[in-house]
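Keeping their order, the protein sequence lines are chains S and E. Just so we're aligned: the first sequence equals residues 45 to 284 in the numbering used here. Just so we're aligned: the second sequence equals residues 45 to 284 in the numbering used here.
Number of protein chains: 2
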Amino acid sequence: MLAPVTTPRYVALAALVRDRIAGEQLAPHTLLPSERELGDAHGVSRMTARQALTLLEREGLVYRRPPRGTFVAEPRVRFHVGSFSEEADRQGRRPAARLLWAERQEPSPDTRRALGLAEGEEVHAFHRVRSMDGVPLALETTYFPADLTPGILDVGVEGSLWAVLRERYGVDPATSTAVLESIILDDVSQAHLGAGSATTGILLTRSTYDTAGRCIEHARDVYRADRASFEVTATVAPPD
Amino acid sequence: MLAPVTTPRYVALAALVRDRIAGEQLAPHTLLPSERELGDAHGVSRMTARQALTLLEREGLVYRRPPRGTFVAEPRVRFHVGSFSEEADRQGRRPAARLLWAERQEPSPDTRRALGLAEGEEVHAFHRVRSMDGVPLALETTYFPADLTPGILDVGVEGSLWAVLRERYGVDPATSTAVLESIILDDVSQAHLGAGSATTGILLTRSTYDTAGRCIEHARDVYRADRASFEVTATVAPPD
DNA sequence: TGCACCACTTGGTATATACCAAGTGGACCA
DNA sequence: TGGTCCACTTGGTATATACCAAGTGGTGCA
């Protein structure tokens, strides 16, 4: 199920293994228990244990080397471009958001252009620290057209803003375009993300459109470069 | 298996469904047969049919909406992570390649897995510096299955290898998956790219597939982070 | 001592089965 | 006619089982 009432066992087991890797500081390339051992140890079948490891593999947290076993991967969280919360859900991880500020403001020219707003139209802006499983991963600045989102500044901002868009405003994100580039984190960003000095970041400038092609969100997300990676699947343009 | 002698049934079934979607021009959001029907129709168990659909789901070709069924996804709109040459062309810039080496070699386990090769099968590898308008931008290591590309080591490598694939070997790149991450350039890479010390790079690990879903190319491209950015367009999964 | 070989373990594939939660659509009742 | 409700179908989860290919490591032979 998409929204199971009870946590599936394989998700729970994956969380357990994930915590163990983080908690015991298992070094990259450490050999993990085999699927059979893991299943026996936690009272689930091998296929369920396998599903848990597959989840972690898709997150990039472990890798498999048949017939040797499953190993701890170099740390990095993998993202598809889109919603932070929904990406976390897909990976069975706990997304969280800490609000730094939220306000109605005059958009910058860039933001106004991205959202296709006219002169004088305002935006609702959110600035949040996003984390997964308690680890700060990204600094997110999100802009919505104010006309489209009356009252959004008063709603809870712990979770997915896309969910709010859908449920409260009937707006459906359909496509997203993003530009990824590498940057050097400034002091403030370093502090918020708990990163050391001279750490690089990945800047993801994102525009999201609804089914009618209207731009409904513009965002500037800064990820810790050492913790995030981005996966892209695309159709190749046919040759001319 | 890592390098199956026989194609797994779920891969074959996925290819069949993939071709059907492309061949019959199934419109986005068309309902596909249920997992049970698909399995029965092709003489495999539901779990195997499910595995095939999961493969297609990960490719972004289909999406699931329980309990309604599995549907054809929206096609990806644009592609900006792929062929260096073709991207340069699109931007009206002069792409160039300087060959560092090209050889037939035993693939690494990673490369073998990515290309789906059996033990003992070899690859043709190219290592090139790519530049645009005379500015070095990327270090590219590209692997092709040797069986698929006889004699490719002797062709000119100043331009697009994809063009060679199409014209000489009749192989058509259809989809591409890539993972982008941030790395620190080593000394050799810095030298080749004309970058200063402690410069960061963007590592793009890319697999390209033909229309049959066969992996025809695997590449590790290292871009100067200060010179490159990547544009991504993605279809958002419809809401639950 | 050195090497060939084989048993064992691993993840990968495949099947059969079972139950669950949740939309869908039609039957049925008011 | 209009609305309620339930059977059916769907994908999601979970188990048990079986066989395969391929590294690993130890045994045992030359």
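Glycine residues also receive a C-beta, built at the ideal position from the N, C-alpha and C atoms.
Of the residues assessed, Ser220/E falls on the buried side of the cut-off, its CB having 16 or more other CB atoms within 10 angstroms. No Cβ-Cβ contact shorter than 8 Å links Arg102/S with Leu144/S. Taken through DSSP and simplified to helix, strand or coil, Ser78/E comes out as coil. If only complete runs of 3 or more residues are kept, the segment 207 to 236 of chain S shows the beta strand (DSSP E) at 217 to 228, in order along the chain. CA-to-CA, the gap between Arg138/E and Gly178/E works out to about 8 Å.
What Phe274/S touches in chain E, judged by beta-carbon distance under 9 Å, is Ala222, Val223, Leu224, Glu225, Phe274, Val276, going in chain order. Bounds of the beta strand (DSSP E) holding Glu261/E are 259 to 268. For Ile260/E, no CB of chain S lies under 8 Å from its own CB, so it is not counted at the interface with that chain. The beta carbon of Pro180/S is closer than 8 Å to those of Val173, Arg174, His236, Leu237, Gly238, Arg268 in its chain, skipping five residues each way along the sequence.
When 7 Å is used as the limit between beta carbons, Ile246/E is near these residues of chain S: Ser226, in chain order.
Glu68/E counts as exposed, since fewer than 16 other C-beta atoms from the protein chains shown sit within 10 angstroms of its C-beta.
Contact annotation: the segment 223 to 236 of chain S does not touch the segment 196 to 209 of chain S, with fewer than three C-beta pairs closer than 8 Å.
Taking 8 Å as the threshold, the shortest C-beta distance from Ala269/S to chain E falls below it. Membership of Val201/E in any beta strand (DSSP E) is not indicated, and neither H nor E is assigned to it by DSSP. Distance between Ala190/S and Ala158/S, taken at the CA atoms: about 14 Å.
Out of Cys259/E, Phe128/E, Thr193/E, Gly203/E, the CA that lies nearest to the CA of Thr51/E is found in Cys259/E.
Classified as buried, Asp270/S has 16 or more neighbouring CB atoms from the shown chains inside 10 Å of its CB. Closest option to Ala59/S, judged by alpha-carbon separation, among Arg109/S, Leu76/S, Leu99/S, Leu70/S: Leu99/S. With fewer than 16 other Cβ atoms from the protein chains shown falling within 10 Å of its own Cβ, Gln149/S counts as exposed. Per DSSP, Thr185/E lies in no alpha helix (DSSP H) segment; the continuous beta strand (DSSP E) that holds it begins and ends at 179 to 189.
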